[in-house]
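In the working numbering, the protein residues as written are 1112 to 1290. For glycine and all other residues, C-beta sits at the position ideal for the given N, C-alpha and C. Quick caveat, the model's predicted, so the values are computed rather than measured. As structure tokens, the structure follows; a few thoughts come after it.
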């Protein structure tokens, strides 16, 4: 559990992709992860500008009452990157979250998710409630400017309730992409 915490100006060097270049603020691998009332600003990493979750067992990630602002991921997840790669259930629950001006920089990648990138080959459940997404960007704006989900094997359910997506323009193809 992480509560009542501010992560500010954390920078992870990106010379090559390895475990030390993932998650500008932290990397987690646990069955149940609770994050409540955190503020993140100006964090930087190769994948997951702020948070990198790596799961190989059933996992629930619950984030509430938090702000993700001005974070940068190079090729996956401006704010949050989730890699759930074993055939179990993955659950993501977001409530009262602000994602503002999180970015991806690598314009050559066909991977996206200015705010959130999820890569999974397992069953998943995603619930996003009362959250605000504004100006989260990917340089080439190809797929999932705000949220990108790559599910290569199985199926999942996605529920959005009372969310706000703001600052759209004509250059965007998809704000949310499920592949």
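Within the same chain, and ignoring the five residues on either side of residue 1188 in sequence, the residues whose Cβ sits closer than 7 Å to its Cβ are 1158, 1159, 1160, 1224, 1227, 1228. Around the beta-carbon of residue 1233, 16 or more other beta-carbon atoms lie within 10 Å, marking it buried. Collapsing the DSSP output to three states places residue 1204 in a strand. As far as DSSP is concerned, residue 1246 takes part in no beta bridge.
Out of 1112, 1138, 1116, the CA that lies nearest to the CA of residue 1123 is found in 1138.
Collapsing the DSSP output to three states places residue 1170 in a strand.
In the DSSP assignment, residue 1117 falls within the unbroken beta strand (DSSP E) covering 1113 to 1119. If you draw a straight line from the Cα of residue 1242 to the Cα of residue 1151, it comes to about 16 Å. Under DSSP, residue 1272 forms a beta bridge with 1240. Your pair residue 1240 and residue 1272 checks out as a contact, with CB atoms roughly 5 Å apart and the cut at 8 Å. Rounded to the nearest angstrom, the Cβ distance from residue 1200 to residue 1172 is 12 Å, too far for a contact under 8 Å. With fewer than 16 other Cβ atoms from the protein chains shown falling within 10 Å of its own Cβ, residue 1268 counts as exposed. Membership of residue 1182 in any beta strand (DSSP E) is not indicated, and neither H nor E is assigned to it by DSSP.
Residue 1259 has its alpha-carbon roughly 16 Å from the corresponding atom of residue 1212.
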